[in-house]
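**Q** Numbering (this note's numbering), first residue to last: 569 to 1205. We put the CB at the ideal spot given by N, CA and C, even for glycine. Got a structure here, written out as structure tokens. Questions coming.
Following this line, the structure appears as structure tokens:
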């Protein structure tokens, strides 16, 4: 039976076309990574066949010696990377090589700027895999056959990496995939045996399958009769899974190279942890903290999790059961001696050993972060900039490690008034005033709104530090992180303000203020009936006329916006308006006899308090109309 020879020409998916163009131009200065990516893919294909053969040995077709083979042809200016792994069907070839099935691809491409240096970092985070071949090749040919299918089911894919590719049936005697790169003239160095060997040693020494190349022929002695060359292959790499070796025998360069293999990230990791556990459970883990956030960090269906091996046998990519969601950026492998070889995602969810490993691996990652935070230098600041918002999900998700996570959190505060989130809760506690019993914070839509919040006035006056929170997740975080080091966290814009640092004299002054302003407060409450829960005089303001306060048990403004954006029902609540009776505007208002004018001024003060906290006015046109009316009256007087 012969393979179907019908040839079809198809177009690349739009995103694949864009990425190809950008990648070829942005990554040109780091061309040799194509070999790392293609050998890594070949190794993954072999791992997948190993796993599939556990339940169906016939897929091995009587040949269980796995290897990746690399052949160079200087005369033809080609390099070929072949594997005897799982292989692909015709449909899989089209799906895997003609499209980029990653959520958020379009949004990712919009972030590319045209600056080759910046774009190369972004593309590295995206992971280019097979497409890296076109950095050095003017044409690529892929010949593949799925394990377990007959020779006639082979398929050939061919493209110049522009707008289209062709695909046709062609017999293939052996299973697996062979990729031939017809090199560009300026990339002919990769048709050289010595050059290719050096790249393989540099990037793929840790691959657990042998990467084979033809053994170099010994030089012919002068006068000797030329013999026909013997085609003998030898392993170029160590072919030992890196995590199975003792830490003392592994160099930093090898650890970094292995990180590139498991993450497809072009940048080096921030740090890593290699650990072997023996006892009730036996497993080895090698965990990495990336330097940059992946492009799809905020997509719910992002690929995440560790590579799972059982007794050195690959089981699955993205085993997400071993780390909580807020640590979804961690890369690496875990190799267990206790799990069954036929383990599935469903079984992982029920295995008691997995829960124990998850707890231990989570603590190990948090310990890695603690060490990074204590080290001199900017590494933790870089980590926080990339992954800080994800870490803020931790206290809600991981109650057992809440205190550990809290120590890793970083915030902006009034101590520096800088937008950088570089202050820890331990830093804050060390600077607390004598008699201060709470950690104070304010939540706002952005940093400038938080820094300028009228709620901070009394705290600045008394020299009390306040955390300035403006990330979308902050309000939600504080709902779950209610204390630290035995000290309650208090939203300065929620409920009545009771500063323990207030003297008896100050408290008496506040009571006097409230009593003297009862008439003003009653008039304002009448004007704003239906818009506010209540109006009350406050001593928390020194420069502003008024501010809005959230009820003790009501949702904050930021949390309301998040729920509304998610389409969730939001309970109807009204804010509390607190006014500063000592402010000239309020004193003028108190003397206003014209009730209509009083109503206009009272509404303006309420709207201004809404704007000051970054809120939206229900009726902006009425606000403008009232303000213009007052301004015109003032110009006539």
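1. Under the three-state reduction of DSSP, which class applies to residue 1185: helix, strand or coil?
2. Just to check my reading of the structure: residue 1169 and residue 1198 have Cβ atoms closer than 8 Å, yes? What is that Cβ distance to the nearest angstrom?
3. Which complete beta strand (DSSP E) runs does the stretch 1034–1074 hold, if anything under 3 residues is left out?
4. In whole angstroms, give me the CA-to-CA distance for residue 707 and residue 750.
5. Is it the case that the Cβ atoms of residue 763 and residue 743 are separated by a distance below 8 Å?
6. In the DSSP assignment, the alpha helix (DSSP H) including residue 936 goes from what residue to what residue?
7. Starting from the C-beta of residue 599, find all residues in its chain whose C-beta is less than 7 Å away, skip the five residues before and the five after it, and write them out in chain order.
8. Taking the alpha-carbon positions, what's the residue 812 to residue 839 distance?
9. Quick check: the stretch 1101–1113 against the stretch 1136–1147, are at least 3 beta-carbon pairs closer than 8 Å?
10. Identify every run of the alpha helix (DSSP H) within the stretch 1135–1195, keeping only runs that are complete inside it and at least 4 residues long; order them along the chain.
11. Looking only at its chain, what residues have a beta carbon closer than 8 Å to the beta carbon of residue 879, apart from the 5 residues adjacent to it on each side?
12. Decide yes or no for the touch test of the stretch 1044–1056 against the stretch 1071–1078: beta carbon pairs closer than 8 Å, at least 3 of them.
13. Return the chain-ordered ranges of every alpha helix (DSSP H) run that is complete within the stretch 596–670 and spans a minimum of 4 residues.
14. Which whole-angstrom value is the C-beta distance of residue 716 and residue 623, which I expect to be below 8 Å?
15. Going by the CB atoms, is the gap between residue 758 and residue 601 shorter than 8 Å?
16. Give the secondary structure of residue 704 by DSSP, where H, G and I count as helix, E and B as strand, and everything else as coil.
17. Would you identify the three-state DSSP class for residue 846, choosing helix, strand or coil?
18. When DSSP labels each residue in this structure, what does residue 991 get in the three-state scheme?
19. If you count every other CB in all the chains shown that lies within 10 Å of the CB of residue 733, and 16 or more means buried, which is it?
20. Residues in its own chain within less than 6 Å of residue 827 by CB, not counting five upstream and five downstream?
21. Curious, which full-length beta strand (DSSP E) runs of at least 3 residues does the stretch 781–838 contain?
22. Under DSSP, the beta strand (DSSP E) around residue 1087 begins and ends at which residues?
23. Under 8 Å by Cβ, that's how I've got residue 1009 and residue 1059 pegged, so tell me the actual separation to the nearest angstrom.
24. Consult DSSP for residue 887 and reduce its assignment to one of helix, strand or coil.
25. For residue 962, which three-state DSSP category applies?
26. Take every Cβ of the stretch 886–905, pair it with every Cβ of the stretch 847–863, and state whether three or more of those distances are shorter than 8 Å.
27. Determine the contact status of residue 979 and residue 1036, defining contact as a CB-CB distance below 8 Å.
28. How is residue 1198 classed by DSSP in three states: helix, strand or coil?
29. How close, in whole Å, do the beta carbons of residue 576 and residue 735 come, if the pair is a contact with beta carbons under 8 Å?
30. Could you check how far apart the C-beta atoms of residue 777 and residue 635 are, in whole angstroms? I think they sit under 8 Å.
31. So, at 8 Å on beta carbons, what are the nonlocal neighbours of residue 1014 in its own chain, with the 5 sequence-adjacent residues on each side left out?
32. Quick test of your reading: residue 649 and residue 607, contact by CB under 8 Å. State the CB separation rounded to the nearest angstrom.
33. Taking the alpha carbon of residue 1091 as the point to measure from, which residue in 724, 1161, 1005 has its own alpha carbon closest?
34. Restricting to runs no shorter than 4 residues, where is the alpha helix (DSSP H) found entirely within the stretch 723–793?
35. Could you check if residue 809 is buried or exposed, using at least 16 other CB atoms within 10 Å of its CB as the buried criterion?
36. Evaluate contact between the stretch 872–890 and the stretch 925–933, counting only Cβ atoms and requiring at least three cross-stretch pairs below 8 Å.
**A** This is what the structure holds:
1. Here residue 1185 is taken as the residue at index 617 of the chain shown, counted from 1. Here DSSP, grouped into helix, strand and coil, assigns residue 1185 to coil.
2. Taking the first residue of the chain shown as position 1, residue 1169 is located at position 601. Taking the first residue of the chain shown as position 1, residue 1198 is located at position 630. Between residue 1169 and residue 1198 a beta carbon distance of about 7 Å is seen, short of the 8 Å cut, so the two are scored as contacting.
3. Listed in chain order, they are 1034–1037, 1055–1059.
4. Locating residue 707 in the chain shown gives position 139, where the first residue counts as 1. Locating residue 750 in the chain shown gives position 182, where the first residue counts as 1. Taking the straight line joining both Cα atoms gives about 5 Å.
5. One-based indexing of the chain shown puts residue 763 at position 195. One-based indexing of the chain shown puts residue 743 at position 175. Cβ atoms of residue 763 and residue 743: not closer than 8 Å.
6. Locating residue 936 in the chain shown gives position 368, counting from the first residue. That run of the alpha helix (DSSP H) goes 920–942.
7. If you number the chain shown from 1, residue 599 lands on position 31. Same-chain partners within the cutoff: 703, 704, 755.
8. Translated into positions along the chain shown, residue 812 becomes position 244. Translated into positions along the chain shown, residue 839 becomes position 271. About 19 Å.
9. Taking 8 Å as the limit for Cβ pairs, the verdict is that the stretch 1101–1113 does touch the stretch 1136–1147.
10. Annotation note: the stretch 1135–1195 contains the following uninterrupted alpha helix (DSSP H) runs of length 4 or greater, listed N- to C-terminal: 1152–1159, 1163–1180.
11. Residue mapping note: residue 879 aligns to position 311 of the chain shown, counting from 1. So the list reads 903, 904, 905, 909, once near-sequence residues are dropped.
12. Too few Cβ pairs lie closer than 8 Å, so no.
13. Entirely contained in the stretch 596–670, the alpha helix (DSSP H) runs reaching 4 residues are, in chain order, 601–623, 658–666.
14. The sequence position of residue 716 within the chain shown is 148, counting from 1. The sequence position of residue 623 within the chain shown is 55, counting from 1. That pair is no contact at about 12 Å.
15. On the chain shown, position 33 is the one that residue 601 refers to. On the chain shown, position 190 is the one that residue 758 refers to. No, these two residues do not count as a Cβ contact at 8 Å.
16. In the chain shown, residue 704 corresponds to position 136, counting from 1. Secondary structure at residue 704: coil, using DSSP grouped into helix, strand and coil.
17. Along the chain shown, read from residue 1 onward, the residue named residue 846 stands at position 278. Reduced to three states, the DSSP call for residue 846 is coil.
18. For the purposes of this step, residue 991 is taken as residue 423 along the chain shown, with counting starting at 1. DSSP places residue 991 in strand when its eight states are reduced to three.
19. Your numbering for residue 733 matches position 165 in the chain shown. Result: buried.
20. Counting from 1 along the chain shown, the entry for residue 827 is found at position 259. Apart from sequence neighbours up to five positions away, the residues of its chain that approach residue 827 with a beta-carbon distance below 6 Å are 837, 856, ordered along the chain.
21. Here the runs fully enclosed are 801–803.
22. Against the chain shown, residue 1087 aligns to sequence position 519. Element bounds for residue 1087: not the beta strand (DSSP E) but the alpha helix (DSSP H), 1086–1095.
23. Indexing the chain shown from 1 puts residue 1009 at position 441. Indexing the chain shown from 1 puts residue 1059 at position 491. Cβ-Cβ separation between residue 1009 and residue 1059: approximately 6 Å, consistent with a contact (criterion under 8 Å).
24. Against the chain shown, residue 887 aligns to sequence position 319. The three-state reading of DSSP puts residue 887 in strand, counting E and B together.
25. The sequence position of residue 962 within the chain shown is 394, counting from 1. In this structure, residue 962 counts as helix in the three-state DSSP scheme.
26. Yes, they touch.
27. The residue given as residue 979 occupies position 411 in the chain shown. The residue given as residue 1036 occupies position 468 in the chain shown. One thing to note: residue 979 has its Cβ within 8 Å of the Cβ of residue 1036.
28. Taking the chain shown and counting its residues from 1, one reaches residue 1198 at position 630. Residue 1198: helix per DSSP, three-state reduction.
29. The count along the chain shown starts at 1 and reaches residue 576 at position 8. The count along the chain shown starts at 1 and reaches residue 735 at position 167. Confirmed, Cβ separation roughly 5 Å.
30. Locating residue 777 in the chain shown gives position 209, counting from the first residue. Locating residue 635 in the chain shown gives position 67, counting from the first residue. Yes, residue 777 and residue 635 are in contact; Cβ-Cβ is about 6 Å, under 8 Å.
31. Locating residue 1014 in the chain shown gives position 446, counting from the first residue. Excluding residues within five positions, the ones whose Cβ falls inside 8 Å are 1038, 1182.
32. Counting from one through the chain shown, the residue named residue 649 turns up at place 81. Counting from one through the chain shown, the residue named residue 607 turns up at place 39. Taking C-beta atoms under 8 Å as the contact rule, residue 649 and residue 607 qualify, at a distance of about 6 Å.
33. By 1-based counting over the chain shown, the position of residue 1091 is 523. With distances taken between Cα atoms, residue 1091 lies closest to 1161.
34. Qualifying alpha helix (DSSP H) stretches, in chain order: 761–771.
35. To locate residue 809, count along the chain shown from 1; it is residue 241. Here residue 809 is buried: its Cβ has 16 or more other Cβ atoms, across all protein chains shown, within 10 Å.
36. Yes: at least three Cβ pairs fall under 8 Å.
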